[in-house]
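Numbering (the numbering used here), first residue to last: 112 to 1307.
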């Protein structure tokens, strides 16, 4: 697609000029059928591919792939349809074509039809007289029950429906010939028989049979002789069938399709005699009671066709006709000429109407269509809406007006959302057809405005998004249907409603529909205030992001005075009481942002309206109103401050009293309890925070004590609320506490009242030892939020209390969240009080307490607690790493000398270990912290070990681009730290967990990086020695610590198998191998862990490659495992020993090799132990290894 060509198209330069390039390029627009040669090749090759199933299927898939690209722009195929059809029909007509090839050709024809639609395809079929007999014969040869070849039958029936239009009497094809004494069936009956046969099948051929009927029955000769009989047959089939059974549903579907097609294509005068009978039969079927959507839709279709048969086909002279519809003219007018464009409908036209009676059945038809508008399925409602539009267009003005009156009854609040949706669709249809006269617009617009905000709560969710979407469609249709002058009285209402829907609707499809309708009105009507400006801000793509709509676009649009008040009113009336809490919270934030646009209105009208709601009975309204009061008050106070006015400039006594009363009222009515309390507590905490930030004049007021009680009680009640609400309540309470203390607890000297400080801090520190995890969390975070003047002189007490929370004791081993929050709080407290090297440890981070703070934080990095939720210690490690970074950067920027070299080394080493571990999220966090400390420049962090080498491994330029989450990027860098002595132990400890882990990608990249490093140092004996020494130390330090030792055994197994230690294998009894063997033996002693035992077998088998008398010890150990009590271990050992003997052939004397291999492979090692032990002892004798004695417990 060439943009230049589109922009330079010349036909509409005004529109093309200012379009955003992004808007054009987002759609994949095709310009022509570029694959015509490829398709020609595929069709040409059909004769060669039909025999082989695989190539046939590949060809079909390729053809479908090409055709599906044109589903949205099928017109591009139009010039190519004829040659494609002719090529495929040549194959069909060729008598030499085998049956599978014919079916394949019809399959291709069907695929083309599916994309372009059969209606355009039909006229292209050849319809010579000579085609009739062959097509009939082909159809007779088909098996209606063959599910593989339905495309053939479908296409043949469509072809026949075209051929049967030949203008010759069908009797001419019959002659007087008799075959074998039997009269030949007339052609007319043959075709009817085929049609009837396929009207009752369950596949797609039924649809084509209905088309065939509609074309065939309307022929003059067939109509005279067979139409009545055929209608009798269909009606009898209908009345005999029941939609309760599957077979009945299939038959009814075929009959209804045939009747609907027939009444559509036949002449009115031919159908009229039968219409009443068909309608009666249809009524008796009671399709509205069926749960089959398709049947109800076909019933609706047939009812409207019958209705159109009853009334004469004439265009109503009374309908409204809009003149010029040029977009360019509308845009140029921009409303200036609108007033002069009033076009009056001729009053006398009604008199000219030809008088004729409307049959009584029409009332029944319209009634059924109006009921159809309320159907539970959209396609039925849509069909009914179209029917209403078509029939109303043929009725006299008075009757049409009655229909519109009945239609407007759909829009009562007693009706369901289905009725509202169907009503909107019908109104749009009437508007599009000019059947909704301007005199009725005043009745319709209020209904549409209500539909634009229709939202009915049902259980935990709501219905109505389809109604709002359809209401946008009505607005879109009206924009095209009426002269600008007709809609002038309603412009402000419609434009505001559409803007509100485009910006504040909960559903993205409704916002986009409203934006499109607004755009259509701006273009067609040219009267919407500030239309172009708003369109630019709230286009189809901009309204896709809900948060952006509420918080940014709304503020821009509210800058236009016509929209400010309606937008605010909508949020207050419809959105702060919304069922979805996300919408309520967004609405209150939007009100905060909109306050500067109308501060007086907010203060004098909105706030007094919200205050009673904030203590009302409805929970959602109360929640939204409290948050809205908080946000609006804060915005008004900020505005007053900016304009150097007093804080109370916008508030009268009543408002201030109302804000104070909220907490007292809720408290006295006990509304903080139960499920409602989960919404009320965070809402009132937000109110406290915003009122405190607003510097409200409540100092010394009893309400402050009430607020403090609520904050404390919310933190104490955290264990009683649902887990989903805990985090939100905790954060709200902590934010409220910080704001409240900062505003109301500080005196003129910048100090706190000693009694209050003592009570608050002592109470909070004592709660840290609560037996409830969440209470510890809440009060830890609360202490972290306290301002400096409250911590002054109490720092030591606070840090001691928080330190106790971070320690793991048997009683609170699963309290990972409280340890996490305590570590976060320690860093926050340190940042609040600041650093002073020689200061008191009761007031500052200083020389006396810095080591203690670091010890607590570093202890958090070693938290590997797991419970039923998984590695919950990861949360603690993550918090500890963040806090270490924050405290270190704080010290670096203030008093760097407080950081000693050992502490810095510990921090960097622990971070390096975490950067090598297996969980992506924590590895990424550790890597990010590691690089932040390494690359910090204001000033640089001191004492980082191997800084220069680290700068080379992690260049500054890659700090932002390195993706630590991706194992493929992280591990090649991390393994390079193995070359740095200070980091080697810790990186190896982290790597062993990753390389021996279970996650495939982590395992693959970490192992590969480790092997690459080992390859690099193979010839450097000192590097190998130090590496192996560190490896053994990691093993020794973590003996029996399954978190490390099990994956470490797996890693050692891989390393031995990959020849990482080949340099040592030539040396007799190398100390590394001896020590490793001892550690492995110790690790599996008395172990019942299958995974650990399996990994150790691999390590023992790998150790066999080392020379010396330790080989005998290794074999002895393996033979012990051959008689392990667990059958699975015996089997695994035998299998791995077998592989070991093949791999390391020098282990066994070649003379006994075959016998040993036979014993290992032929013995059933899962048999009873005495049997297995006998076979094992044979192996011991063969290999001259001492037999393990039964008295030895080590085999257990």
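Beta carbons: idealized from backbone N, C-alpha and C, even for Gly.
Considering only their Cβ atoms, is the gap separating residue 276 from residue 326 smaller than 8 Å?
Here residue 326 corresponds to residue number 215 of the chain shown, with the count starting at 1. Here residue 276 corresponds to residue number 165 of the chain shown, with the count starting at 1. Yes, they are a contact pair.
Cβ of residue 433 within 8 Å of Cβ of residue 221?
One-based indexing of the chain shown puts residue 433 at position 322. One-based indexing of the chain shown puts residue 221 at position 110. No, these two residues do not count as a Cβ contact at 8 Å.
For residue 524, count the other beta carbons within 10 Å of its own beta carbon; 16 or more makes it buried, fewer makes it exposed. Which is it?
Here the question's residue 524 lines up with position 413 in the chain shown. With fewer than 16 other Cβ atoms from the protein chains shown falling within 10 Å of its own Cβ, residue 524 counts as exposed.
With three or more C-beta pairs closer than 8 Å as the rule, is the segment 376–384 touching the segment 398–411?
Verdict: no, contact absent.
By the 10 Å Cβ neighbour count, where 16 or more other Cβ atoms means buried, how is residue 1292 classified, buried or exposed?
Reading the chain shown from its first residue, position 1181 is the one you call residue 1292. Residue 1292 should be labelled exposed.
In angstroms with no decimal places, state the Cα-to-Cα distance between residue 1285 and residue 1255.
Your numbering for residue 1285 matches position 1174 in the chain shown. Your numbering for residue 1255 matches position 1144 in the chain shown. Straight-line measurement puts the Cα of residue 1255 at about 25 Å from the Cα of residue 1285.
Tell whether a beta-carbon distance below 8 Å holds between residue 554 and residue 519.
Here the question's residue 554 lines up with position 443 in the chain shown. Here the question's residue 519 lines up with position 408 in the chain shown. With a cutoff of 8 Å on beta-carbon distance, residue 554 and residue 519 are scored as near each other.
Cβ neighbour criterion (16 or more within 10 Å) applied to residue 447:
For the purposes of this step, residue 447 is taken as the residue at position 336 of the chain shown. Any reading at residue 447 is ruled out, since the residue's pLDDT is 45, under 50, leaving its predicted position unreliable.
Between the C-alpha atoms of residue 166 and residue 176, what's the straight-line distance to the nearest angstrom?
Sequence index remark: in the chain shown, residue 166 carries index 55 (1-based). Sequence index remark: in the chain shown, residue 176 carries index 65 (1-based). C-alpha separation (whole angstroms): 15 Å.
Given this structure, state the Cα-to-Cα distance separating residue 899 from residue 943, to the nearest angstrom.
Along the chain shown, one-based indexing puts residue 899 at 788. Along the chain shown, one-based indexing puts residue 943 at 832. Roughly 6 Å between the two C-alpha positions.
Following the continuous alpha helix (DSSP H) through residue 623, name the residue where it begins and the one where it ends.
Taking the first residue of the chain shown as 1, we reach residue 623 at position 512. For residue 623, the enclosing alpha helix (DSSP H) starts and ends at 619–635.
Mapping DSSP to helix, strand and coil, what is residue 981?
The residue labelled residue 981 in the question sits at position 870 within the chain shown. For residue 981, the three-state secondary structure derived from DSSP is strand.
Exposure of residue 169, with buried meaning 16 or more beta-carbon neighbours within 10 Å:
Stepping through the chain shown from its first residue, residue 169 is reached at position 58. Exposure of residue 169 is indicated by the presence of fewer than 16 other C-beta atoms within 10 angstroms of its C-beta.
Contact the segment 648–661 vs the segment 595–608: 3+ CB pairs below 8 Å:
The segment 648–661 is not in contact with the segment 595–608.
So what does residue 863 bridge to, in DSSP terms?
For the purposes of this step, residue 863 is taken as residue 752 along the chain shown, with counting starting at 1. According to DSSP, residue 863 bridges with 857.
Please report how far the alpha carbon of residue 1188 lies from the alpha carbon of residue 1211, in whole angstroms.
To locate residue 1188, count along the chain shown from 1; it is residue 1077. To locate residue 1211, count along the chain shown from 1; it is residue 1100. As the crow flies, the alpha-carbon of residue 1188 is around 7 Å from that of residue 1211.
Contacting residues, own chain, Cβ-Cβ under 6 Å from residue 1239 (five flanking each side not counted)
Along the chain shown, read from residue 1 onward, the residue named residue 1239 stands at position 1128. Counting only residues of its own chain and dropping the five nearest sequence neighbours on each side, residue 1239 has no CB closer than 6 Å to any other CB.
Using a Cβ-Cβ cut-off of 8 Å (strictly less than) and excluding sequence neighbours within five positions of residue 815, which residues of its own chain qualify?
Translated into positions along the chain shown, residue 815 becomes position 704. Same-chain partners within the cutoff: 809, 851, 855.
Quick one: which unbroken alpha helix (DSSP H) runs of 4-plus residues sit fully inside the segment 237–324? Chain order, please.
DSSP runs (the alpha helix (DSSP H)) wholly in the segment 237–324: 240–252, 261–274, 298–310.
Report yes if the CB atom of residue 61 is closer than 8 Å to the CB atom of residue 908, and no otherwise.
Nothing can be reported for residue 61, as the shown portion of the chain is limited to 112 through 1307.
Classify residue 234: buried if its beta carbon has 16 or more other beta carbons within 10 angstroms, exposed otherwise.
One-based indexing of the chain shown puts residue 234 at position 123. Residue 234 is exposed by the Cβ-count criterion.
Using alpha carbons as the reference points, say which of 717, 736, 902 lies closest to residue 695.
Along the chain shown, read from residue 1 onward, the residue named residue 695 stands at position 584. It is 736 whose Cα lies nearest to the Cα of residue 695.
Do you know offhand how far residue 132's Cα is from residue 1112's?
The count along the chain shown starts at 1 and reaches residue 132 at position 21. The count along the chain shown starts at 1 and reaches residue 1112 at position 1001. Confidence at residue 132 is low in this model, with a pLDDT of 33, below 50, so its placement is unreliable and the value that follows should be read with caution. Each residue's alpha carbon lies about 40 Å from the other.
Roughly how many angstroms separate the alpha carbons of residue 328 and residue 373, rounded to a whole number?
As a working note, residue 328 is residue 217 in the chain shown. As a working note, residue 373 is residue 262 in the chain shown. Taking the straight line joining both Cα atoms gives about 8 Å.
Leaving aside the five residues before and after residue 1046 along the sequence, list all residues of the same chain whose C-beta is less than 6 Å from its C-beta, in chain order.
Stepping through the chain shown from its first residue, residue 1046 is reached at position 935. So the list reads 1067, 1070, once near-sequence residues are dropped.
Per DSSP, residue 569 is paired with what?
As a working note, residue 569 is residue 458 in the chain shown. The bridge partners DSSP lists for residue 569 are 572.
Any idea what DSSP makes of residue 956, helix, strand or coil?
Walking along the chain shown from the start, residue 956 turns up at place 845. Residue 956 falls in the strand class under three-state DSSP.
Quick one: what does DSSP say residue 972 is sitting in, helix, strand or coil?
Against the chain shown, residue 972 aligns to sequence position 861. The answer is coil: DSSP assigns residue 972 none of H, G, I, E or B.
Would you mind stating whether residue 511 and residue 542 have Cβ atoms separated by less than 8 Å?
Position 400 of the chain shown, counting from 1, holds the residue named residue 511. Position 431 of the chain shown, counting from 1, holds the residue named residue 542. Against a cut-off of 8 Å, the Cβ pair of residue 542 and residue 511 comes out as no contact.
List the residues that DSSP assigns as beta-bridge partners of residue 1098.
Indexing the chain shown from 1 puts residue 1098 at position 987. Note: residue 1098 sits in no beta bridge, so no partner.
Quick check: the Cα distance between residue 1129 and residue 1233, rounded to an integer number of angstroms?
Taking the chain shown and counting its residues from 1, one reaches residue 1129 at position 1018. Taking the chain shown and counting its residues from 1, one reaches residue 1233 at position 1122. Cα-Cα distance, rounded: 34 Å.
Which runs of the alpha helix (DSSP H) spanning at least 4 residues fall entirely within the segment 916–961, listed in chain order?
The segment 916–961 contains these whole alpha helix (DSSP H) runs: 927–944.
According to DSSP, simplified to helix, strand and coil, what is residue 728?
Residue mapping note: residue 728 aligns to position 617 of the chain shown, counting from 1. In this structure, residue 728 counts as coil in the three-state DSSP scheme.
Could you tell me which of 780, 690, 1152, 734 sits nearest to residue 616, measuring between CA atoms?
For the purposes of this step, residue 616 is taken as residue 505 along the chain shown, with counting starting at 1. The candidate whose alpha carbon is nearest that of residue 616 is 690.
Closest by CA to residue 821, which one among 904, 806, 789?
Working through the chain shown from its first residue, we reach residue 821 at position 710. Checked all of 904, 806, 789; the closest Cα to residue 821 is 789.
Alpha carbon of residue 501 to alpha carbon of residue 419, nearest angstrom:
Against the chain shown, residue 501 aligns to sequence position 390. Against the chain shown, residue 419 aligns to sequence position 308. Counting only the Cα atoms, residue 419 lies some 8 Å from residue 501.
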